[in-house]
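Participant:
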Amino acid sequence: MAKLVIHDLHVEVEGKEILKGVDLTIEQNETVALLGPNGHGKSTLLAAIMGHPRYSVTKGSIFLNDQDVLKMSVDQRSKAGLFLAMQYPSEVPGVINADFLKSAVNSRREKPVTLFQFYKMLDTASKEMKIPFEMANRSLNEGFSGGEKKRNEILQLKLLKPTFALLDEIDSGLDVDAMQTVGEAIRAEQQKGMGFLVVSHYARLYDLITPTRAVVMINGKIAVQGGPEIIRRIDTTGYEWIKAEYGIDVEKEEAGMNTVSIGSCAVKEMK
Ligand SMILES: Nc1ncnc2c1ncn2[C@@H]1O[C@H](COP(=O)(O)OP(=O)(O)O)[C@@H](O)[C@H]1O
Ligand SMILES: [Mg+2]
141 MAKLVIHDLH VEVEGKEILK GVDLTIEQNE TVALLGPNGH GKSTLLAAIM GHPRYSVTKG
201 SIFLNDQDVL KMSVDQRSKA GLFLAMQYPS EVPGVINADF LKSAVNSRRE KPVTLFQFYK
261 MLDTASKEMK IPFEMANRSL NEGFSGGEKK RNEILQLKLL KPTFALLDEI DSGLDVDAMQ
321 TVGEAIRAEQ QKGMGFLVVS HYARLYDLIT PTRAVVMING KIAVQGGPEI IRRIDTTGYE
381 WIKAEYGIDV EKEEAGMNTV SIGSCAVKEM K
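For the sequence shown, the tail end lands on 411 under our numbering, and the numbers increase by one without skipping.
1) Which first and last residues belong to the beta strand (DSSP E) in which valine 253 is found?
2) Would glutamate 152 and threonine 198 qualify as a contact pair, given that the criterion is a beta-carbon distance under 7 angstroms?
3) Compute the Euclidean distance between the alpha carbons of asparagine 292 and glutamate 282, then round it to the nearest angstrom.
4) Across the region 307-319 and the region 229-243, are there enough close Cβ pairs to call them in contact, namely three or more that are closer than 8 angstroms?
5) Per the DSSP calculation, arginine 353 is bridged to which residue(s)?
6) In chain order, what residues place their C-beta within less than 6 angstroms of a heavy atom belonging to ligand 1?
7) Anyone know if the C-beta pair for methionine 334 and alanine 354 falls short of 7 angstroms?
8) Taking only heavy atoms of ligand 2 into account, decide whether any of them is closer than 6 angstroms to the Cβ of glutamine 227.
9) Thinking C-alpha only, which one of Asp148, Asp315, Gln331 is nearest leucine 345?
10) Per DSSP, phenylalanine 240 forms a beta bridge with which residues?
11) Can you give me the Cβ contacts of valine 145 inside the same chain, cut-off strictly under 6 angstroms, excluding the 5 residues immediately before and after it?
12) Between which two residues does the alpha helix (DSSP H) containing glutamate 385 stretch?
13) Quick check: the Cα distance between leucine 224 and alanine 187, rounded to an integer number of angstroms?
14) Would you mind stating whether valine 339 and leucine 174 have Cβ atoms separated by less than 7 angstroms?
15) Assign glycine 221 to buried or exposed, taking buried as 16 or more other Cβ atoms, counted over all protein chains shown, within 10 Å of its Cβ.
16) Taking 7 angstroms as the limit between beta carbons, can you name the residues of its chain near leucine 210, skipping five residues before and five after?
17) What span of residues does the beta strand (DSSP E) with aspartate 148 cover, start to end?
18) Step through the CB atoms of chain D and report whether any lies within less than 7 angstroms of the CB of threonine 352.
19) So isoleucine 310 and arginine 327 are in contact, right, with Cβ under 8 angstroms, and what is the actual spacing, rounded?
20) Determine the extent of the alpha helix (DSSP H) in which lysine 156 is found, giving its start and end residues.
21) Can you tell me which of His341, Gly367, Asn359, Ser213 puts its alpha carbon nearest to the alpha carbon of glycine 378?
22) Excluding sequence positions up to five away, which residues of its chain have a Cβ less than 6 angstroms from the Cβ of leucine 149?
23) Among Gly287, Lys156, Gln257, whose alpha-carbon lies nearest the alpha-carbon of isoleucine 271?
24) Under the rule that 16 or more other beta-carbon atoms within 10 Å means buried, what is methionine 141, buried or exposed?
25) Roughly how far, in whole angstroms, is the beta-carbon of lysine 182 from the beta-carbon of methionine 357, given that I think they are within contact range, below 8 angstroms?
26) Could you tell me which of Asp263, Thr352, Ser213, Asp347 sits nearest to glutamate 167, measuring between CA atoms?
27) With a threshold of 16 other CB atoms inside 10 Å of the CB of glycine 323, please say whether the residue is buried or exposed.
28) Give the single residue among Val214, Gly176, Val172, Asn277 whose Cα lies nearest to the Cα of lysine 392.
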């Protein structure tokens with residue numbers, strides 16, 4: 141069973157240290173929920189695991205089994221079984237969605253797929269994700285709605301079949317039906333053994349995919365780890381209890397980038 145081991149990870153973005161010693165191990169048969177106030181480093185952690193060039197690792201290690209992930213290019217990380225569904229997927233005008241997917245699929249195979257095989261795979265995955273097939277012939281993410289971009293990320297995941305999928309706010313921009321579709325797609329992959337690290341502010345997504353445990357990122361470190369009951373607690377009461385119970389001062393949540401957060405948006409049980 142594959143294992144992703146992150147040890148004492150320090151990461152800087154534009155000269156500012158964001159991750160200040162992250163320790164986290166994820167087994168392949170786990171789905172780990174990653175929570176935390178905005179601006180505390182969740183996306184930074186996922187981007188650093190995938191090798192985004194803007195995020196520089198200044199200390200620590202990431203291993204996928206015995207492979208030193210930090211020595212690998214993004215492309216090698218992807219082939220080794222890592223996958224990142226981004227919080228804000230980029231639009232890539234001129235790169236046709238289907239061509240992009242086909243080269244990504246082929247880069248993982250010794251013998252390229254035939255066009256027929258590929259279209260069959262794409263057709264099945266598009267139907268499962270309720271994405272119109274003609275979207276495959278448009279430029280990657282260009283002019284896609286927020287929800288279409290997110291469903292397209294999961295379509296990629298279905299075709300690339302990583303060992304570990306890192307999902308960064310995959311549910312933002314999704315309506316209830318699309319959330320259900322994405323939740324079902326994740327569940328199907330969980331059953332086939334894919335490991336997940338999932339960032340979300342919504343207990344509703346977590347209800348669909350039932351994480352095996354939850355970790356909370358505060359001030360660039362994993363401050364709290366535990367069972368999935370932590371999700372419910374944060375959903376109903378926010379992050380204040382962490383200060384009371386763990387003595388950790390939660391630095392001010394970052395405004396502007398993203399204004400919703402678990403605890404501030406999910407108030408249905410707080411009447
Ligand atoms: N590409 C970037 N350029 C500049 N600053 C960034 C970038 N990405 C993240 N940051 C900064 O790093 C900090 C952590 O951000 P992030 O990892 O996105 O937090 P989260 O995902 O928990 O909301 C924030 O202060 C943010 O402004
Ligand atoms: Mg983020």
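Cβ coordinates follow ideal geometry from the N, Cα and C atoms, glycine included. Predicted model, so just to flag it, every value in this text is computed and none were measured.
Facilitator: So, from the listed chains and residues:
1) No beta strand (DSSP E) contains valine 253, which DSSP labels as neither H nor E.
2) Yes. Within cutoff.
3) CA-CA distance, asparagine 292 to glutamate 282, rounds to 11 angstroms.
4) By the Cβ criterion, the region 307-319 is not in contact with the region 229-243, since fewer than three pairs of Cβ atoms, one from each stretch, lie closer than 8 angstroms.
5) DSSP lists Val172 as partners of arginine 353.
6) Taken from the N-terminal end onward, the list reads Val153, Glu154, Ile158, Gly176, Asn178, Gly179, His180, Gly181, Lys182, Ser183, Thr184, Arg194, Glu394.
7) Cβ atoms of methionine 334 and alanine 354: not closer than 7 angstroms.
8) Checking the Cβ of glutamine 227 against ligand 2 gives yes.
9) Here the closest residue by C-alpha is Asp315.
10) Phenylalanine 240 is not bridged by DSSP to any residue.
11) Taken in chain order, the residues that qualify are Thr165, Phe203.
12) Judged by DSSP secondary structure, glutamate 385 falls within the alpha helix (DSSP H) whose first and last residues are 380-386.
13) Spanning the alpha carbons of leucine 224 and alanine 187 requires a straight line of approximately 8 angstroms.
14) Taking 7 angstroms as the Cβ cut-off, valine 339 and leucine 174 qualify as a contacting pair.
15) Flag for glycine 221 reads buried.
16) So the list reads Val197, Ser201, Ile202, once near-sequence residues are dropped.
17) Looking at the DSSP string, the run of the beta strand (DSSP E) that includes aspartate 148 is 143-153.
18) Considering every chain present, this structure includes no chain D. It has just one protein chain.
19) With a contact defined as Cβ atoms closer than 8 angstroms, isoleucine 310 and arginine 327 miss out at about 13 angstroms.
20) Annotation: lysine 156 is outside any alpha helix (DSSP H); the continuous beta strand (DSSP E) that includes it extends over 156-167.
21) If we check each option's Cα against that of glycine 378, His341 comes out closest.
22) Closer than 6 angstroms at the Cβ level, and outside the excluded window around leucine 149, lie Leu159, Val162, Gly200.
23) Closest in alpha carbon position to isoleucine 271, among Gly287, Lys156, Gln257, is Gly287.
24) Looking at its Cβ environment, which holds fewer than 16 other Cβ atoms inside 10 Å, methionine 141 is exposed.
25) With 8 angstroms as the limit, lysine 182 and methionine 357 qualify as a contact, their Cβ atoms being about 5 angstroms apart.
26) Looking at the Cα atoms, Thr352 is the closest of the given residues.
27) Around the CB of glycine 323, 16 or more other CB atoms lie within 10 Å, so the residue is classed as buried.
28) Closest by alpha carbon: Gly176.
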